[in-house]
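Keeping their order, the protein sequence lines are chains A and B.
The first sequence runs 33 to 316 under my numbering.
The second sequence runs 33 to 316 under my numbering.
Note that the Cβ used here is the ideal one computed from N, Cα and C, for glycine as well.
Model, not experiment: these values are computed from the prediction.
There are 2 protein chains.
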Amino acid sequence: MHVVPDFSVSPTQALLAGPDVDLARIDPHSTPGFDGNKQEGKARLEAGKKGLSELQEKLFAESRFGSSISVLLILQAMDTAGKGGIVRHVVGAVDPQGVEHHAFKAPTPTEKKHDFLWRIRKELPGPGMIGVFDRSHYEDVLIHRVRQLATPEVIEARYDEIRDFEAGLVDSGTRVVKVMLHLSKEEQKERLAERLERKDKHWKYNPGDLDERALWDEYQHAYQVAIERTSTPDAPWFVVPADRKWYARIAVQQLLTDVLAGMQLSWPKATFDVAAEKAKLAAT
Amino acid sequence: MHVVPDFSVSPTQALLAGPDVDLARIDPHSTPGFDGNKQEGKARLEAGKKGLSELQEKLFAESRFGSSISVLLILQAMDTAGKGGIVRHVVGAVDPQGVEHHAFKAPTPTEKKHDFLWRIRKELPGPGMIGVFDRSHYEDVLIHRVRQLATPEVIEARYDEIRDFEAGLVDSGTRVVKVMLHLSKEEQKERLAERLERKDKHWKYNPGDLDERALWDEYQHAYQVAIERTSTPDAPWFVVPADRKWYARIAVQQLLTDVLAGMQLSWPKATFDVAAEKAKLAAT
Numbered sequence: 033m034h035v036v037p038d039f040s041v042s043p044t045q046a047l048l049a050g051p052d053v054d055l056a057r058i059d060p061h062s063t064p065g066f067d068g069n070k071q072e073g074k075a076r077l078e079a080g081k082k083g084l085s086e087l088q089e090k091l092f093a094e095s096r097f098g099s100s101i102s103v104l105l106i107l108q109a110m111d112t113a114g115k116g117g118i119v120r121h122v123v124g125a126v127d128p129q130g131v132e133h134h135a136f137k138a139p140t141p142t143e144k145k146h147d148f149l150w151r152i153r154k155e156l157p158g159p160g161m162i163g164v165f166d167r168s169h170y171e172d173v174l175i176h177r178v179r180q181l182a183t184p185e186v187i188e189a190r191y192d193e194i195r196d197f198e199a200g201l202v203d204s205g206t207r208v209v210k211v212m213l214h215l216s217k218e219e220q221k222e223r224l225a226e227r228l229e230r231k232d233k234h235w236k237y238n239p240g241d242l243d244e245r246a247l248w249d250e251y252q253h254a255y256q257v258a259i260e261r262t263s264t265p266d267a268p269w270f271v272v273p274a275d276r277k278w279y280a281r282i283a284v285q286q287l288l289t290d291v292l293a294g295m296q297l298s299w300p301k302a303t304f305d306v307a308a309e310k311a312k313l314a315a316t
Numbered sequence: 033m034h035v036v037p038d039f040s041v042s043p044t045q046a047l048l049a050g051p052d053v054d055l056a057r058i059d060p061h062s063t064p065g066f067d068g069n070k071q072e073g074k075a076r077l078e079a080g081k082k083g084l085s086e087l088q089e090k091l092f093a094e095s096r097f098g099s100s101i102s103v104l105l106i107l108q109a110m111d112t113a114g115k116g117g118i119v120r121h122v123v124g125a126v127d128p129q130g131v132e133h134h135a136f137k138a139p140t141p142t143e144k145k146h147d148f149l150w151r152i153r154k155e156l157p158g159p160g161m162i163g164v165f166d167r168s169h170y171e172d173v174l175i176h177r178v179r180q181l182a183t184p185e186v187i188e189a190r191y192d193e194i195r196d197f198e199a200g201l202v203d204s205g206t207r208v209v210k211v212m213l214h215l216s217k218e219e220q221k222e223r224l225a226e227r228l229e230r231k232d233k234h235w236k237y238n239p240g241d242l243d244e245r246a247l248w249d250e251y252q253h254a255y256q257v258a259i260e261r262t263s264t265p266d267a268p269w270f271v272v273p274a275d276r277k278w279y280a281r282i283a284v285q286q287l288l289t290d291v292l293a294g295m296q297l298s299w300p301k302a303t304f305d306v307a308a309e310k311a312k313l314a315a316t
C-alpha cells in the first residue's frame, strides 16, 4: 500500500497567528509543515477524512448524553480564496447531521437595526455540532474598516467586543477555530479569469469583486489588525496559505482534527442495563 | 474499466406509492428495479454521487440569480431503518452549503402551543437548497395516531391539512419527495441487537425503542393510512425497501437525482459583459 505522507509540523503549530503576526511575511504559495506534493496532498486529504468523521460522531454522541460542547470554524478570506472548497471537501467529509453551516451575506435591514453580533448569536452551533461560518462578525472589522462603513471609534470598540464575545463562547464549551485563507493577489487574478472563462462558473462572478480587488492592500491591512487584536490563546487565528487549494484543505482538515482530538471525546457509556435490554429484545 | 450496473426501472416508477398502496405486499428485503448485488450497489452509489452533486450545484446557482425553487426530502421510518445512513451517504455527497438538514424531535412546550405545522414551516428549505427532514409533520399522524396523542377527528383533519400544506409548497416552487424507509421487524431486531453489542453504538440505543417496536403493526397501519391519504401526484410517497442498506441508499440517491433532473436546471447566464470584465481584470 502507498504510504500517505503526514505533516512534519502540525498546522496547529505551524499556522498559528498570534498578536505578533506579520501577514506580509507569510507566503500564500507555501505549504508549512507539509513536504509532499499535490498528489500526496490529495492522498492526505482522503486519508484524513475517516479520522475527522469519527471524532465528529463522538462529539455528536456526547451531546446526546448531556454534553454541551461544540466547535465553531470561522472562515474568512478574499474572494476566490477557497472557502467553498473547504466546506465541500473538508467539512463535507463529516456527517451532515452534525454540521451547521451558515454563510453571512451583507446584513439585511433588520440585522442592521441590531448590534453586529446579534445575527451571529442566532447561528451559533448547538450542542455536539460543528458550526461553520462562511464569513462572520469579522466582516464588521474588515469590510467595515476598508469601506469606512463605521467610524474608527466604533471599529476599535468592536475588537474588544469580539474578544469578549468569543471568550464567552469558549467558556460555555465552544471551541473556536478562526481561519484566514491567505491568497496572493496574482492567484486571485487567475481564479477570477477562470470564472470569466467558464460558463459554468459565471454565476460565481460578480463585477463588484473587482472593486474589492482594487482595495487589496487595504484588506490585507484590515486582516493584519484584526488578527493582532483578536487572536487569543483560547480563540486563536490560523493563517492558511491558500494559493494551493490542496494545501489549504489538508491544513484546515488537520486543524479541525487537532481541535476535536484535544477535546478527549469518548463514546458515551450506556445509561441502561445492557444485559437486561438484550433479554427484552430477544423476547420480542 | 468495470461497468457499474444501472437501474432497469427507475425508483421513481418502481417505488412510487400512491393512494392504492399496500404496504404489507412490499418486501423490505427486495431491490425493485435493480438487479445487481451488494457490491454492485455500492459501486452504483459511488458512481451516482457526481451527477447528484452537479445537479445540486445548478439548483444552488440558479437561486443566486433569482430562482426560488428548492427540494424537500422527507424521511420517515421506524428506528434503525437507516435515515441517518441516507443523510450521511446520499445527502453527504453534495455540497454542505446547499443542504439544510433538520431532525425533528418530540415537540418542545413552545412548539406544542402552536399548530403542528408551525415548527415545520420554520425549517423549510430556502431558495436553491435541498432541505432534508429527518422525521417531520408526519409524526403528527404516525406516533400521534398510534399513541393516541390526538383525537381521531383531529388526526383525520391533519391529513387534509398536510395535503393543503404540501400543495402550497409545490406551488411556491418546492419539489417534495417523501420517503418511507420500509424495514422488516426481523431486520430491526438484528440492528437493535447490534447497537446493544457494540459500545460505540450504545449511544444510539434507547430503551424506549422497544416500546415502539411492540407497536410495530400499529405503526405499519398508521403508515399505510398516511400514505393513502397524503400521496398526491405533486407530493408523492415512495416506499423504499430498507432491509438492505445499500439498496435504500442508491434508491434515494436516484429519487433525488430524478427530481433534480426533472427541474431542467441550467447554469445561469452572465448578467454582465464578459469581455468587458475580462479587460478590466487584465488591467488590475
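Pick out whichever of the options has its Cα sitting closest to the Cα of residue i.
i: B/Thr44; options: B/His253, B/Pro64 and B/His234; result: B/Pro64
i: A/Thr262; options: A/Asp203, A/Phe197 and A/Tyr279; result: A/Phe197
i: B/Met212; options: B/Leu247, B/Val272, B/Val202 and B/Gly158; result: B/Val272
i: A/Tyr279; options: A/Leu149, A/Asp59, A/Gly83 and A/Ala315; result: A/Asp59
i: B/Leu84; options: B/Ala283, B/Lys231 and B/Ala307; result: B/Ala283
i: B/Ser203; options: B/Gln71, B/Lys312 and B/Ser102; result: The displayed chain sequence assigns Asp, not Ser, to residue 203 of chain B. Checking every option, the nearest Cα to that of B/Asp203 belongs to B/Ser102.
i: B/Arg207; options: B/Ala135, B/Leu47 and B/Ile106; result: B/Ile106
i: B/His234; options: A/Leu47, A/His146, A/Ala135 and A/Phe304; result: A/Phe304
i: A/Tyr170; options: A/Thr316, A/Glu260 and A/Leu288; result: A/Glu260
i: A/Asp54; options: A/Leu247, A/His214 and A/Arg190; result: A/His214
i: B/Lys301; options: A/Val178, A/Tyr237 and A/Ala315; result: A/Tyr237
i: B/Ser210; options: B/Lys310, B/Leu104, B/Ala46 and B/His61; result: According to the sequence displayed, residue 210 of chain B carries Lys and not Ser. Of B/Lys310, B/Leu104, B/Ala46 and B/His61, the residue nearest in Cα terms is B/Leu104.
i: B/Ala314; options: A/Lys221, A/Pro128, A/Ser62 and A/Ala125; result: A/Lys221
i: A/Gly240; options: A/Glu72, A/Gly98, A/Pro157 and A/Met110; result: A/Met110
i: B/Asp52; options: B/Pro268, B/Glu155 and B/Gln286; result: B/Pro268
Determine the chain A residues that contact residue i at a beta-carbon separation under 8 Å, and present them in chain order.
i: B/Asp127; result: Gly116, Val119, Arg120 and Gly124
i: B/Glu309; result: Leu228, Tyr237, Pro239 and Leu242
i: B/Thr316; result: Lys221, Leu242, Arg245 and Ala246
i: B/Trp299; result: Lys231, Asp232, His234 and Trp235
So what's residue i in DSSP terms, helix, strand or just coil?
i: A/Gln108; result: strand
i: B/Ala138; result: coil
i: B/Val49; result: Rather than Val, the amino acid found at residue 49 of chain B in this sequence is Ala. B/Ala49: strand per DSSP, three-state reduction.
i: B/Asp166; result: strand
i: A/Thr289; result: helix
i: B/Arg227; result: helix
i: A/Ser102; result: strand
i: A/Arg151; result: helix
i: A/Phe66; result: coil
i: B/Pro273; result: strand
i: A/Thr264; result: coil
i: A/Arg179; result: coil
i: A/Arg96; result: coil
Residue i touches chain A at which residues, Cβ-Cβ below 9 Å?
i: B/Asp266; result: By Cβ distance, chain A contributes nothing, its closest Cβ being about 26 Å from B/Asp266, past 9 Å.
i: B/Asp249; result: Within chain A, no residue comes near B/Asp249; the closest Cβ sits about 12 Å away, beyond 9 Å.
i: B/Ala225; result: Lys310, Leu313 and Ala314
Quick one: residues in its chain with C-beta nearer than 8 Å to the C-beta of residue i, no 5 flanking neighbours on either side, listed in chain order?
i: A/Leu174; result: Gln108, Tyr251, Ala254, Tyr255 and Ala258
i: A/Asp266; result: Glu198, Ala199, Val202 and Val208
i: A/Val41; result: Pro64 and Gly65
i: B/Trp299; result: Lys90 and Ala93
Along chain B, in chain order, which residues have C-beta atoms closer than 7 Å to that of residue i?
i: A/Phe304; result: Pro239
List the residues of chain B that residue i touches, going by C-beta distances under 9 Å, in chain order.
i: A/Phe97; result: Trp235
i: A/Val131; result: Pro128, Val131 and His133
i: A/Ala293; result: Residues of chain B passing the Cβ test: none, with the nearest at roughly 17 Å.
Can you name, in chain order, every residue of its own chain whose Cβ lies under 7 Å from the Cβ of residue i, other than the five neighbours on each side?
i: A/Leu297; result: Leu87, Lys90, Leu91 and Glu94
i: A/Asp172; result: Phe148 and Arg190
i: A/Ser62; result: Pro273
Residues in its own chain within less than 6 Å of residue i by CB, not counting five upstream and five downstream?
i: B/Val36; result: Ala75, Arg76 and Ala79
i: B/Glu219; result: Asp275
i: A/Ser100; result: Pro159 and Gly205
i: B/Gly68; result: Pro37
i: B/Gln81; result: The residue you asked about is not Gln; residue 81 of chain B is Lys in the sequence shown. Result list for B/Lys81: Ala125, in chain order.
Whose Cβ in chain A lies nearer than 7 Å to the Cβ of residue i?
i: B/Ala93; result: Trp235
i: B/Lys312; result: Leu242
Q. Quick one: any contact between the segment 176-194 of chain A and the segment 106-126 of chain A, if contact means 3 or more CB pairs under 8 Å?
A. No, the segment 176-194 of chain A does not touch the segment 106-126 of chain A.
**Q.** the segment 137-144 of chain A in contact with the segment 128-148 of chain B per 3-pair CB rule at 8 Å
**A.** Result no; under three Cβ-Cβ pairs closer than 8 Å.
Q. With a cut-off of 8 Å, do at least 3 Cβ pairs link the segment 216-233 of chain A to the segment 117-132 of chain A?
A. Output reads no: the segment 117-132 of chain A does not touch the segment 216-233 of chain A.
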